[in-house]
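Same order as they appear, the protein sequences are chains A and B.
Be aware that the first sequence starts at 0, since it is given in numbering that gives the first Met the number 0, and climbs by one per residue.
Be aware that the second sequence starts at 0, since it is given in numbering that gives the first Met the number 0, and climbs by one per residue.
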Amino acid sequence: MKKLIKFAMVGLLLVMAACTDLDLEPRSSTTAAVLFNDEAAYRAFLARIYSGIAVTGQQGPAGNADISSLDEGFSNYLRQFWQLQELPTEEAVIGWGDEGIQDLHGHVWTTANQFVRATYYRIFFQVSQANEFLRETTDAKLDARNVSASTREDIKAFRAEARFLRALSYWHGIDMFGDIPFYTEDSPVGSDPPAQADRATVFNFLDSELKTIEADMVAPGQNEYGRADRGALWMLQAKLYLNAEVYAGANRYTDCISACKKIIDSGAYSLEDNYQHLFLADNDRSNEIIFPIVFDGLSTQTWGGTTYLVHAPLGGSMDPALYGVNSAWFGLRTTASFVDLFSDLTGATDERAIFYTDGQTKDINAIGNFGDGYAVPKYSNVTSEGQAGADLNHPDTDFPMFRLADAYLMYAEAVLRNGQGGDANTATGYINELRQRAYNGASGNINANELTLDFILDERSRELYWEGHRRTDLIRYDRFTDNGIWPWKGGVKEGKLTGAFRDLYPIPASEILANPKLEQNFGY
Amino acid sequence: MGYDLLNGKKRRFVPTTYSNSLVTNFNGEIYLENPSRNSQLLETYLNYKKNLGDSHRIDLTAGYSYQDFDEEYPSYRAYNLSTDIFGVNSTSPAANFEARNFVIENRLISFFGRANYAFRDKYLFTVTLRRDGSSRFSENNRWGLFPSAAVAWRITEEPFADGLKSVFSDLKLRLGYGITGNESIPDYGYIPSYTYSDVRARYQFGYENGLPVYVTTVRPNGYDANLKWEETASYNIGLDFGLMNGRISGTLEYYYKKTDDLLFTVNIPAGTNLTDRILTNIGELENSGIELSLNAFVVDTKDFSWNIGFNAARNKNKVLAIDQISNQGVLTGRISGGVGNFVQILQVGQPVNSFYVFQQLYGADGSPLQDGIDHNDDGAVNLADIYADVNGDGAVNDLDKRPFEKPAPDYLIGISSSLNYKAFDLSFTIRANAGNYVYNNNASNGGYFNIVNERGDIFLNNMHTSALVTNFQTPQYFSDYYVEDGSFLRLDNVTLGFNIPSKPGRPSLRLYATGQNLFVSTNYSGLDPEVNNGLDNNLYPRSRAFIFGLNLGL
Numbered sequence: 000m001k002k003l004i005k006f007a008m009v010g011l012l013l014v015m016a017a018c019t020d021l022d023l024e025p026r027s028s029t030t031a032a033v034l035f036n037d038e039a040a041y042r043a044f045l046a047r048i049y050s051g052i053a054v055t056g057q058q059g060p061a062g063n064a065d066i067s068s069l070d071e072g073f074s075n076y077l078r079q080f081w082q083l084q085e086l087p088t089e090e091a092v093i094g095w096g097d098e099g100i101q102d103l104h105g106h107v108w109t110t111a112n113q114f115v116r117a118t119y120y121r122i123f124f125q126v127s128q129a130n131e132f133l134r135e136t137t138d139a140k141l142d143a144r145n146v147s148a149s150t151r152e153d154i155k156a157f158r159a160e161a162r163f164l165r166a167l168s169y170w171h172g173i174d175m176f177g178d179i180p181f182y183t184e185d186s187p188v189g190s191d192p193p194a195q196a197d198r199a200t201v202f203n204f205l206d207s208e209l210k211t212i213e214a215d216m217v218a219p220g221q222n223e224y225g226r227a228d229r230g231a232l233w234m235l236q237a238k239l240y241l242n243a244e245v246y247a248g249a250n251r252y253t254d255c256i257s258a259c260k261k262i263i264d265s266g267a268y269s270l271e272d273n274y275q276h277l278f279l280a281d282n283d284r285s286n287e288i289i290f291p292i293v294f295d296g297l298s299t300q301t302w303g304g305t306t307y308l309v310h311a312p313l314g315g316s317m318d319p320a321l322y323g324v325n326s327a328w329f330g331l332r333t334t335a336s337f338v339d340l341f342s343d344l345t346g347a348t349d350e351r352a353i354f355y356t357d358g359q360t361k362d363i364n365a366i367g368n369f370g371d372g373y374a375v376p377k378y379s380n381v382t383s384e385g386q387a388g389a390d391l392n393h394p395d396t397d398f399p400m401f402r403l404a405d406a407y408l409m410y411a412e413a414v415l416r417n418g419q420g421g422d423a424n425t426a427t428g429y430i431n432e433l434r435q436r437a438y439n440g441a442s443g444n445i446n447a448n449e450l451t452l453d454f455i456l457d458e459r460s461r462e463l464y465w466e467g468h469r470r471t472d473l474i475r476y477d478r479f480t481d482n483g484i485w486p487w488k489g490g491v492k493e494g495k496l497t498g499a500f501r502d503l504y505p506i507p508a509s510e511i512l513a514n515p516k517l518e519q520n521f522g523y
Numbered sequence: 000m001g002y003d004l005l006n007g008k009k010r011r012f013v014p015t016t017y018s019n020s021l022v023t024n025f026n027g028e029i030y031l032e033n034p035s036r037n038s039q040l041l042e043t044y045l046n047y048k049k050n051l052g053d054s055h056r057i058d059l060t061a062g063y064s065y066q067d068f069d070e071e072y073p074s075y076r077a078y079n080l081s082t083d084i085f086g087v088n089s090t091s092p093a094a095n096f097e098a099r100n101f102v103i104e105n106r107l108i109s110f111f112g113r114a115n116y117a118f119r120d121k122y123l124f125t126v127t128l129r130r131d132g133s134s135r136f137s138e139n140n141r142w143g144l145f146p147s148a149a150v151a152w153r154i155t156e157e158p159f160a161d162g163l164k165s166v167f168s169d170l171k172l173r174l175g176y177g178i179t180g181n182e183s184i185p186d187y188g189y190i191p192s193y194t195y196s197d198v199r200a201r202y203q204f205g206y207e208n209g210l211p212v213y214v215t216t217v218r219p220n221g222y223d224a225n226l227k228w229e230e231t232a233s234y235n236i237g238l239d240f241g242l243m244n245g246r247i248s249g250t251l252e253y254y255y256k257k258t259d260d261l262l263f264t265v266n267i268p269a270g271t272n273l274t275d276r277i278l279t280n281i282g283e284l285e286n287s288g289i290e291l292s293l294n295a296f297v298v299d300t301k302d303f304s305w306n307i308g309f310n311a312a313r314n315k316n317k318v319l320a321i322d323q324i325s326n327q328g329v330l331t332g333r334i335s336g337g338v339g340n341f342v343q344i345l346q347v348g349q350p351v352n353s354f355y356v357f358q359q360l361y362g363a364d365g366s367p368l369q370d371g372i373d374h375n376d377d378g379a380v381n382l383a384d385i386y387a388d389v390n391g392d393g394a395v396n397d398l399d400k401r402p403f404e405k406p407a408p409d410y411l412i413g414i415s416s417s418l419n420y421k422a423f424d425l426s427f428t429i430r431a432n433a434g435n436y437v438y439n440n441n442a443s444n445g446g447y448f449n450i451v452n453e454r455g456d457i458f459l460n461n462m463h464t465s466a467l468v469t470n471f472q473t474p475q476y477f478s479d480y481y482v483e484d485g486s487f488l489r490l491d492n493v494t495l496g497f498n499i500p501s502k503p504g505r506p507s508l509r510l511y512a513t514g515q516n517l518f519v520s521t522n523y524s525g526l527d528p529e530v531n532n533g534l535d536n537n538l539y540p541r542s543r544a545f546i547f548g549l550n551l552g553l
């Protein structure tokens, strides 16, 4: 009997020990096999690539972060893209003491700069997400999942848009970093580190990629709001071609004119009557914005995006309530060099002069002091009818990534740079359309003789300031580093020239060390 | 076999009058969380013991264990309160609500065996072998094999050691080697997964009936399919000894540990994954040290006894290798102040979590050079005015930070004493650490003059008194001024007691008084140098306790 019990015990032990099941799947998140049973998942995944420019994680306004190389609120794509495009120029200074932020206006950023790092990782986060989308929507995968014909039709446009968003980020990549790691959907997760591609090689890829997907993009003005259409694609082409000398040493002004003409001639977009309305809480109704980054006070929250662009310029004696928000962040102002582009700061002459000067000085003695430098409340969380947005922390205001006015300005500049297919009279006409809106009449109109490249550079600033274009524009004009002076450039009050190598940002130190195939940009 | 159900309860109330509420018009918050954990544990083993004659003793064990932890984190947040009078007890005053739930589970299964063999209690051998499986690794890397072996030799049992017996009452030499595995990482790190966005992280696609349509998005998450066990190989050699018939006993031990496949979160090359940082196996660490402990009965008579214990340890650790990431290292040690600031680093050749800071420059009066002044007369006010150009490139920037001191102590020393005289007893313990450094985050985060008026006319902020020495106008988080020697000596406790033993018909009685944490002797300027990982940031103060007691034995 005793023996029997012993055997039974040993037997029981062996049965128990047979449990070696260690396959546990996540239950608060899911896997591709489950997710794509629902055909709506493709649309949800595409929306995530768009929202990659707007939000920082799967929890709004912060939480479940996409990237973690720095604080989540700082990791917002639009916020960092904007800072890298604006803070090193005469258009903006910021008063804060966060590590490395003063290095941007001072042109002394290093390979360890956290804002440079965030921008870099954001760009490649987008590329990687888009690649994953393309891998999950191949014909083979859709066949295997028996995806319905109507969804497959949608997915055709989705794939084109994913490739457009990937191209948009690759453009930001070559614009800021020059030669960058280049990889497509052919490099799955866990691949070897990608090799570095020449700026010109990536430019050529983008050139052909955008042509390839053009037909699959939804017709201009016809897509759902928030999604890119063919007009957005032409804008990206125009941007690439206008800067092709910088990116690839190539003269593509004729192609730039042709892209701008497609946008303008499509008739899908028209100038907003009131300039300020482009930057208000109900700017989703504007017909001028070709490609917006969409925010909503309740549904799309972030500490970057327009939350940053509305709060950070507020401080001093400004009343946040007048801008539809509950707090001032005491951060952004502008320099005298930008202020001097306007003769009348009240906005009565040129309504694009949106300054707040009460208690502010024009000159900056200490960047850290909010009262030094005029404030620029260009973005606001009130509607064109004066109503505050739905939430006082997070504006409803969308960001105009591409808008028609820029197509007009690019057309004019490409004509002046001897591109073919356009003419100076049409160009002057476009510029005067912008100026008539600004001056509420013809008093600010120019004639064709006044239309010069220098004039265009200033006019671009008057029209497009604080919209994330300035650094690229100054580099195209060779006035960013070893040319061009403005207050506090180079860390001195009167400004000084800086090294031309700063036309490119450094690849972050963490990336250089992680990917041995990459070579650091010259000078860093 | 066990089943363990753990239910937690977290309640947080932030009143509308809280200063941060004033700044952001945040208007109060109620937060409720009820975390729960279901643990299923099963451990079963067979044991076999046998003595073979007088000389051989065998003890064999084989077993199996199963542990499953199923955790759930439901939480509820209500904010923008119209009144504070209810505290957490009612959400009626709240204008906004948010509910979440989050579930994770992990499982650990082990097969293990142990064999002990002793020959005449003179030679002792132990061999163990574990095979551990964790749900946190993929099928290919799931199972780790972890052996260990130890030998002990009681030298005083040897005939030839008879001569030693006049000195040593006991002398034992021990040798050990073993490998252990670590899998304490978040769950599911190897699985490709998708996370849904919450209601506030959706994205607009068009309109329906004039109203925006917000799409709940899905994000593919980063993962490392090749995650595997972190393994630490330990070597130790020790000598246990007893002198004067055991009146003095002690141990001297040396150990060396080498950790491979260290599990750590690092930046990975862009283009190789779906995010920027991944928890992966990255490198190697080493730890080594010598430990000595002594215990002595100084006096041992009927009425009077006195026992003293002493231990001292010297420890060192070093990062040996970090895969892919070479000299720059991995930043760690997040601090309060600014956003996303780290003051420590894992760098090859340096102690673990070395502080990574600028070298502060000092004026003739010995106090730090004040910021905002062009001390070096180069026409610019910048970092070069107050910090040293460590790398000598003519500029002071991030690249001039360098590893400087570390949080772990070089020496740990402890002394305990217990004295009995007739009915009285008196005991105390003293502890000391030397060579441990502390980053004073309270000083760095509050010690600058601009903080006072930072909130304009809403309210004044407190300033840390260190600003009176540094005269810093703006925060200088990365100054090595804030890295201070945290060596200390602490009187942990003292107890004085009086005992009356029981007799038939009379209960025993003990009266005592204990003082805990009676004094700390240190040069550290903050509240307490004994802080987690050398970062002093709003430490909850250790209490100084006085306890008077009466024990009655019936």
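Where a beta carbon is used, it is the ideal one built from N, C-alpha and C, also for glycine.
Keeping to the same chain, check which residues put their C-beta closer than 6 angstroms to that of residue i; ignore five residues upstream and five downstream.
i: residue 383 of chain A; result: 276, 279 and 281
i: residue 211 of chain B; result: 203
i: residue 110 of chain B; result: 63 and 130
i: residue 114 of chain B; result: 59 and 126
i: residue 185 of chain B; result: none
i: residue 233 of chain B; result: 177 and 256
i: residue 416 of chain A; result: 252
i: residue 169 of chain B; result: 155 and 241
i: residue 218 of chain B; result: 194
Closer than 8 angstroms by C-beta to residue i: which residues in its own chain qualify, once you throw out the five before and the five after it? Chain order, please.
i: residue 325 of chain A; result: 319, 391 and 392
i: residue 272 of chain A; result: 436
Assuming the contact rule is C-beta atoms closer than 8 angstroms, residue i and residue j should be a hit. Round their C-beta distance to whole Å, please.
i: residue 426 of chain A; j: residue 450 of chain A; result: 6 angstroms
i: residue 290 of chain B; j: residue 258 of chain B; result: Going by Cβ atoms, the distance from residue 290 of chain B to residue 258 of chain B rounds to 19 angstroms, so no, they are not a contact pair.
Under 7 angstroms Cβ to Cβ from residue i, same chain only, skipping five residues before and after it: list those, please.
i: residue 245 of chain A; result: 474 and 475
i: residue 187 of chain A; result: 134
i: residue 469 of chain A; result: 84, 85, 88, 90 and 460
Reducing DSSP to helix, strand and coil, say where residue i ends up.
i: residue 44 of chain A; result: helix
i: residue 149 of chain A; result: helix
i: residue 42 of chain B; result: strand
i: residue 175 of chain A; result: helix
i: residue 61 of chain B; result: strand
i: residue 501 of chain A; result: helix
Could you say if the region 21-30 of chain A and the region 130-141 of chain A meet the contact criterion of at least three C-beta pairs nearer than 8 angstroms? Short answer: they don't touch.
4 or more residues per run - each alpha helix (DSSP H) lying fully within the region 403-451 of chain A: 403-415 and 423-438
Could you say if the region 292-307 of chain B and the region 414-434 of chain B meet the contact criterion of at least three C-beta pairs nearer than 8 angstroms? yes
Hey, is the region 494-504 of chain A in contact with the region 261-280 of chain B, meaning 3+ C-beta pairs nearer than 8 angstroms? no
Cβ contact (3+ pairs, closer than 8 angstroms) linking the region 525-538 of chain B and the region 474-489 of chain B: yes
Check whether the region 23-39 of chain A touches the region 93-109 of chain B, counting contact only when three or more Cβ pairs, one atom from each stretch, lie closer than 8 angstroms. yes
On the three-pair Cβ rule with 8 angstroms, is the region 75-84 of chain B touching the region 135-150 of chain B? The region 75-84 of chain B makes no contact with the region 135-150 of chain B; the number of CB pairs closer than 8 angstroms stays below 3.
Run through the region 189-273 of chain A for me and flag every whole beta strand (DSSP E) of 3 or more residues, listed as ranges in chain order. none
Counting only runs that start and end within the region 53-111 of chain A, where is the alpha helix (DSSP H) found for 4 or more residues in a row? 76-85 and 101-104
On the three-pair Cβ rule with 8 angstroms, is the region 293-304 of chain A touching the region 390-410 of chain A? Yes, the region 293-304 of chain A is in contact with the region 390-410 of chain A.
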